[in-house]
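Residue numbers (the numbering used here): 41 to 476. Just so you know, even glycine gets a beta-carbon here, dropped at the ideal spot from N, CA and C. None of these values were measured; they are calculated from a predicted model. Written below as structure tokens is the structure these notes are about.
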Amino acid sequence: MPISAQGEAASARVSDGFRWTQLVIGVVCMTMIANLQYGWTFFVPDIQKQFGWNRDAIQWAFTLFVLFETWLVPVEGWFVDKYGPRVVVVFGGVLCAAGWVINSYATTLTMFYVGQVVAGIGAGGVYGTCVGNALKWFPDKRGLAAGITAAGFGAGSALTVAPIQAMIADKGFQAAFFSFGIGQGVIVVIMAMFLLSPKTGQVPPPVVNAAVVQTRRNYSPAEVLRQPIFWLMYFMFVIVGAGGLMVTANLKPIAADLHIDKTPVTLMGVTMAAVTFAATLDRILNGLTRPFFGWVSDKIGRENTMFIAFGMEGIGIYLLYLWGHDPVWFVLLSGFVFFAWGEIYSLFPSTCTDTFGSKFAATNAGLLYTAKGTAALLVPFANAMQQSHGTWDAVFLIAAGANILASLLAIAVLKPWRAGVIRKGQAEMGPVGAAA
């Protein structure tokens with residue numbers, strides 16, 4: 041039996057069809073947890089109306105969700121790397137359902153906070169597992185595979201934008217929390233039964249080309265945390281992620297503050313209220329961008345793609361600041377911003393695995409994914425800034441500048457630095473690593 045460079049018995053290569061089946065299972069699971077993040081904005085106005093709490097106090101529930109969704113992913117990733125994906129996703133699906141059921145009975149801010157924490161832990165288990173598994177199954181197409189998987193999370197809520205709003209309007213937000221929570225959780229648990237991790241030899245080796253630089257060395261999570269380049273990627277993830285999370289959590293409140301949320305908008309023969317149109321378009325484009333830019337990064341390189349995408353988002357946010365008061369431009373530009381933002385969830389995991397290897401992909405990508413939680417801490421401050429100034433102008437300008445900074449860091453600092461780190465890692469492996 042063939043032996044791998046790591047000393048493990050190599051299994052026979054599986055078919056591409058089997059690999060794609062595993063990817064599709066992950067996408068379905070991601071679709072089922074999408075509403076936990078992207079559907080929250082529709083509940084906020086009704087929660088505020090019923091209980092009279094300040095919006096920034098309510099939005100701490102969103103921040104807690106993102107924190108617990110992200111900051112526990114490295115622990116969940118460790119379980120995946122050691123025991124496989126199935127048990128973690130089953131656990132996650134149960135908690136996702138339980139979190140929204142708690143929300144359906146919540147009558148205090150503390151109960152909402154608890155519900156969002158529970159849902160966040162569950163969503164993190166599902167998200168981190170599915171992305172990590174995709175990175176392992178597709179070392180030859182990491183950007184595309186991570187992008188397709190993340191697209192389930194980005195676009196998964198697009199089909200339920202109207203149904204959730206309709207149920208909130210007809211039966212109340214409590215019924216929407218309960219019904220969607222149970223339904224989504226059950227489907228995740230069922231799909232988890234079919235998830236597997238690849239064994240040594242079952243997948244092709246990492247690609248070797250001039251555009252995409254990948255290491256043959258596998259860094260442990262402890263080693264990754266000691267690499268300064270990891271913290272550069274972390275900082276970039278935070279400053280890019282914060283702007284998108286701010287819009288995600290506040291899309292409906294922003295439209296309401298601009299007095300355009302209920303204004304009818306007609307595009308290509310379709311008419312909807314501005315906020316509904318924007319939310320639907322945003323989710324679709326937020327999903328499409330992940331495999332698109334993932335595929336682009338497989339062709340032209342991760343950092344080159346970051347330079348383009350982050351620059352686009354900076355420009356888009358600035359134009360939203362200038363023209364967002366017009367309902368048509370609000371719909372179009374919010375879609376553009378989400379298209380330029382969502383790719384971080386394919387580019388950063390694939391860049392992390394390219395740099396630090398695939399053996400501990402779930403844990404290492406999970407460590408980087410905690411940057412999303414750090415970025416979420418800035419969302420309540422954005423709300424506080426808006427309330428103190430009375431407008432979103434300062435928030436938009438800061439977010440636009442942060443994205444332009446990340447764009448420049450990607451091409452001027454990250455690209456040459458990462459190439460040097462990978463060369464050093466290959467040299468440390470010696471002749472065996474060079475021939476792997």
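Q.
Within 10 Å of its beta-carbon, does ASN423 have 16 or more other beta-carbons around it, so buried, or fewer, so exposed?
A. Looking up residue 423 in the sequence shown gives position 383. ASN423 should be labelled buried.
Q.
Whether or not the region 358-377 and the region 220-228 are in contact is what I'm after, with contact meaning three or more pairs of Cβ atoms, one per stretch, closer than 8 angstroms; do they touch?
A. no
Q) If we count the other Cβ atoms within 10 Å of its Cβ and call it buried at 16 or more, is ALA216 buried or exposed? A) Numbered from 1 along the sequence shown, position 176 holds the residue referred to as residue 216. Counting Cβ neighbours within 10 Å, ALA216 comes out buried, since at least 16 surround it.
Q: Tell me whether SER386 is buried or exposed, calling it buried when 16 or more other Cβ atoms sit within 10 Å of its Cβ.
A: To locate residue 386, count along the sequence shown from 1; it is residue 346. So SER386 counts as buried.
**Q.** Own chain partners of PRO179 with C-beta closer than 7 angstroms, once the 5 adjacent residues on each side are dropped
**A.** For the purposes of this step, residue 179 is taken as residue 139 along the sequence shown, with counting starting at 1. Contacts found: VAL243, PRO244, PRO245, PRO246, SER398.
Q. Is the region 352-365 in contact with the region 376-392, if contact means three or more CB pairs nearer than 8 angstroms?
A. yes
Q) Under the DSSP definition of a beta bridge, which residues are partnered with MET312? A) Counted from its first residue, the sequence shown places residue 312 at position 272. Looking at the DSSP assignment, MET312 forms a beta bridge with VAL305.
**Q.** HIS299 - DSSP class collapsed to helix/strand/coil
**A.** Stepping through the sequence shown from its first residue, residue 299 is reached at position 259. It is coil, neither helix nor strand.
Q) Going straight from the alpha carbon of MET151 to that of SER51, what length do you get? A) Taking the first residue of the sequence shown as position 1, residue 151 is located at position 111. Taking the first residue of the sequence shown as position 1, residue 51 is located at position 11. When rounded, the distance between both Cα atoms is 49 angstroms.
Q | Rounded C-alpha distance that separates TRP140 from ILE279 | A | The residue you call residue 140 lines up with position 100 of the sequence shown. The residue you call residue 279 lines up with position 239 of the sequence shown. Roughly 29 angstroms separates the two Cα atoms.
Q.
Under 7 angstroms: does the beta carbon of PHE178 sit that close to some heavy atom of the ligand MN?
A. Within the structure as shown, the ligand MN is missing, as the structure has no ligands at all.
Q. Taking one C-beta from the region 426-440 and one from the region 148-162 each time, how about it: are there three or more such pairs within less than 8 angstroms?
A. no
Q) With distances taken between CB atoms, is the gap from PHE333 to GLY117 smaller than 8 angstroms? A) Residue mapping note: residue 333 aligns to position 293 of the sequence shown, counting from 1. Residue mapping note: residue 117 aligns to position 77 of the sequence shown, counting from 1. Not closer than 8 angstroms, so no.
(Q) Which of the three DSSP states is assigned to SER51 in this structure? (A) Here the question's residue 51 lines up with position 11 in the sequence shown. Residue state, collapsed to three classes: coil.
Q) Under the three-state reduction of DSSP, which class applies to PRO42: helix, strand or coil? A) Here residue 42 is taken as the residue at index 2 of the sequence shown, counted from 1. Low confidence applies to PRO42: its pLDDT is 49, below 50, so where it sits in the model is not reliable enough to give any reading.
Q) Nearest to GLY160 by alpha carbon, out of ASP338, GLY132, ILE204? A) Here residue 160 is taken as the residue at index 120 of the sequence shown, counted from 1. Closest by alpha carbon: GLY132.
Q. What are the start and end residues of the alpha helix (DSSP H) that includes THR255?
A. The residue labelled residue 255 in the question sits at position 215 within the sequence shown. Per DSSP, THR255 belongs to no alpha helix (DSSP H) and is neither H nor E.
**Q.** Segment contact, 8 angstroms Cβ cut-off, at least three pairs: the region 399-406 with the region 163-179
**A.** yes
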